[in-house]
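Report on the structure given below.
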Amino acid sequence: MSSAQTVSDIGAMLLSGQVEVVDCTGVLGPDTPIIQLPPEFAKPTPKIEINKISEYDEDGPFFAWNWMILGEHSGTHFDAPHHWITGKDYPDGFTDTLDVQRLVAPVNVIDCSAQSNADPDFLLDAAGVKAWEAEHGEISSGEWVVMRTDWESRVGEDEFLNIDEAGPHSPGPTVDCIEYILSKGIVGWGTQCIGTDAGQAGAMDPPYPAHNLLHKNNCFGLASLANLSKLPAKGAILIATPLKIENGTGSPIRALALAPKR
Ligand code: 23J
Ligand code: MN
Numbered sequence: 475m476s477s478a479q480t481v482s483d484i485g486a487m488l489l490s491g492q493v494e495v496v497d498c499t500g501v502l503g504p505d506t507p508i509i510q511l512p513p514e515f516a517k518p519t520p521k522i523e524i525n526k527i528s529e530y531d532e533d534g535p536f537f538a539w540n541w542m543i544l545g546e547h548s549g550t551h552f553d554a555p556h557h558w559i560t561g562k563d564y565p566d567g568f569t570d571t572l573d574v575q576r577l578v579a580p581v582n583v584i585d586c587s588a589q590s591n592a593d594p595d596f597l598l599d600a601a602g603v604k605a606w607e608a609e610h611g612e613i614s615s616g617e618w619v620v621m622r623t624d625w626e627s628r629v630g631e632d633e634f635l636n637i638d639e640a641g642p643h644s645p646g647p648t649v650d651c652i653e654y655i656l657s658k659g660i661v662g663w664g665t666q667c668i669g670t671d672a673g674q675a676g677a678m679d680p681p682y683p684a685h686n687l688l689h690k691n692n693c694f695g696l697a698s699l700a701n702l703s704k705l706p707a708k709g710a711i712l713i714a715t716p717l718k719i720e721n722g723t724g725s726p727i728r729a730l731a732l733a734p735k736r
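Numbers in the working numbering are just positions in the sequence shown, counted from 1, shifted up by 474.
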């Protein structure tokens, strides 16, 4: 089949609803959870502010619009390679220089919701990824890999950041998990938690291995994804596009997946 025919077929199937657009994004607003770093990093990302300019009033009689205070790494968002020191030297490692062809790709959805619900410090390791591949098929070069934890059900509760005396507790990948999926040539790794790394990943070697190793390899991260329960393990296409922020290290995204209607 020609690629023109294939794209045309997808267009028709979008219109008919045979191909469904799944919104993998959380709401961006004042209640969006923001990552809290240890106290030695005292300069935080501020909470999101949406400030009204006008809404059909004296400041704008026939128009409504707002301005925002919004950190790059807020809500459902994208981590570009320049976000981490290991990825600092890639000329195409910024939100305005990256290769957009890489951003639209098949997505592998690894369901860790049961384990994560039972243990907020659950870690997905390479053996877990290989067991998933044995059941669902191999992860291929250029694809996204995302960890399903259904964590968005905790947004609005303290249980999303889930911080105690020992710091944050949320699921994520082990070092060998990230090493393994990088060996498969993935474009990036995503989670439903506040960041791409587990809450306790500061104690790993290297610390924050998803950030450290993904960005070292010019790969991307996705955080606070939603609705992964609506995707098949394989067979959907994820579109994860950051704003073209000048020299940007990340950006809120509207993460969309194209999935066969179930
Ligand atoms: C800055 C420092 C550490 C981390 C993060 C940001 C994130 O998780 C992020 O949003 O990229 S762990
Ligand atoms: Mn980030």
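The beta-carbon is built from N, C-alpha and C at its ideal position, and this holds for glycine as well. Values in this document were obtained by computation on a predicted structure and should not be read as measured data.
Q) Going along the chain, which residues of its own chain have a beta-carbon closer than 8 angstroms to the beta-carbon of Asn686, five neighbours each way excluded? A) Same-chain partners within the cutoff: Trp558, Thr560, Pro680.
(Q) Using the three-state DSSP reduction, which class does Gly561 fall into: helix, strand or coil? (A) Assignment of Gly561 by DSSP, reduced to helix, strand and coil, places it in the helix class.
Q.
As an exercise, report each continuous beta strand (DSSP E) stretch of at least 3 residues that is fully enclosed by the stretch 645-677, in chain order.
A. Qualifying beta strand (DSSP E) stretches, in chain order: 662-664.
Q: Examine the ligand MN and report whether any of its heavy atoms sits within less than 7 angstroms of the Cβ of Asp553.
A: Relative to the ligand MN, the beta carbon of Asp553 is positioned inside 7 angstroms of a heavy atom.
Q. What residues are listed by DSSP as bridge partners for Val574?
A. DSSP output for Val574 lists no bridge partner at all.
(Q) Just checking His689 against the ligand MN - is the residue's beta carbon closer than 7 angstroms to any of the ligand's heavy atoms? (A) Because no heavy atom of the ligand MN lies under 7 angstroms away, the Cβ of His689 does not count as near it: no.
Q) Would you report the Cα separation of Glu494 and Gly485, rounded to the nearest angstrom? A) Those two C-alpha atoms are separated by around 11 angstroms.
Q | Straight-line Cα distance separating Tyr682 from Asp483 | A | Approximately 42 angstroms between the Cα atoms of the pair.
Q) What are the boundary residues of the beta strand (DSSP E) that includes Trp618? A) 618-622 is the span of the beta strand (DSSP E), which, as asked, contains Trp618.
Q. How do the stretch 715-728 and the stretch 584-600 stand: do at least 3 beta-carbon pairs fall below 8 angstroms, yes or no?
A. No contact exists between the stretch 715-728 and the stretch 584-600.
Q. Which runs of the beta strand (DSSP E) spanning at least 3 residues fall entirely within the stretch 691-723, listed in chain order?
A. The stretch 691-723 contains, as complete beta strand (DSSP E) runs of 3+ residues, the segments 694-697, 710-713 (chain order).
Q) Taking 7 angstroms as the cut-off, is the CB of Tyr682 close to at least one heavy atom of the ligand 23J? A) Yes - the ligand 23J has a heavy atom lying nearer than 7 angstroms to the Cβ of Tyr682.
Q. Where Gly659 and Gly616 are concerned, what is the direct C-alpha to C-alpha distance, given to the nearest angstrom?
A. Looking at the two C-alpha atoms, the distance is approximately 6 angstroms.
Q) Measuring CA to CA, which of Gly611, Gly641, Val649, Arg576 is closest to Ala714? A) The option with the nearest alpha carbon to Ala714 is Arg576.
(Q) With a threshold of 7 angstroms (Cβ to nearest heavy atom), would His685 be considered close to the ligand 23J? (A) For the ligand 23J, at least one heavy atom lies less than 7 angstroms from the Cβ of His685.
Q | Beta-carbon proximity list for Ser614, same chain, < 8 angstroms, skipping 5 on both sides | A | The residues are Pro580, Lys658, Gly659.
Q. Looking at the structure shown, is Ile543 part of a helix, part of a strand, or coil, going by DSSP?
A. DSSP places Ile543 within a strand segment (E or B) once states are collapsed to three.
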